[in-house]
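Engineer: Take a look at the following structure, please.
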Amino acid sequence: MSFELPDLPYAYDALAPYMSAETLEFHHDKHHQAYVTKGNELLAGTGLEGKSLEEIVKESYGTNAPLFNNAGQHYNHIHFWKWMKKDGGGAVPGALASKIDSDLGGYDKFRADFIAAGVGQFGSGWAWLAVKNGKLEIMKTPNGENPLVHGASPILGVDVWEHSYYIDYRNARPKYLEAFIDNMVNWDYVLEMYEAAAK
Ligand SMILES: [Fe+2]
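Numbering-wise (my numbering), the sequence shown opens with residue 6 and increments by one.
This is the structure:
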């Protein structure tokens, strides 16, 4: 396989005012495109060309850092676009809400801990909600890393690289994270990934 840039699943201005069209144009068209282009260059000749993206991410981790960085970011961004929607946020769907209650101490604690993970990730990286050994966990990772390489399945992730929020929020990363959870998360897609991970 080769990496391909997916279209955004909504218009560039769909997430405004929480995430502007300008941010999405740069983030999707320039940054994600660069991971795809560079990833394809680095994938050629590795012997991993026939593998799935998830396998390429796991197999390049710790063995081929340049390929891993780009393949990881390709995986992360494919899902990041789908983890957001117009008029997102709001109530968590039933099955996932009760799992958040039992594993993470309820929605309010989950919200606070998820935001804290994003604020606490020093420098570039991601904050995650993931399934590990059948339980929900909040995680954070640097750069292009993700829960796949830590024995877990990501079901929600937020990009805390400055390219994701600096145009709209400048240095106010906590405000961006609050807007992500409260106004942008596509819980239907989180539930879909949760159900796939729980199988
Ligand atoms: Fe990004």
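Just so it is clear, CB atoms sit at the ideal spot from N, CA and C, and this is done for glycine as well.
(1) Would you report the Cα separation of A203 and G139, rounded to the nearest angstrom?
(2) Answer with buried or exposed for P179, where buried requires no fewer than 16 other C-beta atoms within 10 angstroms of its C-beta.
(3) Between N45 and chain D, is the shortest Cβ-Cβ distance under 8 Å, so that the two count as touching?
(4) Following the continuous beta strand (DSSP E) through W133, name the residue where it begins and the one where it ends.
(5) Within the chosen definition, does the stretch 52-72 reach the stretch 97-116 through at least 3 CB pairs nearer than 8 Å?
(6) Going by other Cβ atoms of all chains shown within 10 Å of its Cβ, with 16 needed for buried, is D34 buried or exposed?
(7) Could you give the distance in angstroms between the alpha-carbon of G94 and the alpha-carbon of L161?
(8) Relative to the C-alpha of K145, which candidate in V136, G125, S158, T42 has its C-alpha closest?
(9) Using the rule of at least 16 other Cβ atoms within 10 Å of the residue's Cβ for burial, across every protein chain shown, is M6 buried or exposed?
(10) Runs of 4 residues minimum, wholly inside the stretch 87-173: which ones carry the alpha helix (DSSP H) assignment?
(11) Is the beta carbon of N148 sitting closer than 8 Å to the one on S169?
(12) For A19 and A26, I'd like the C-alpha separation in whole angstroms.
Structural biologist: Let me spell this out:
(1) 7 Å
(2) exposed
(3) No chain D is part of this structure, which consists of one protein chain only.
(4) 130-137
(5) no
(6) exposed
(7) 12 Å
(8) G125
(9) exposed
(10) 99-109, 112-125
(11) no
(12) 8 Å
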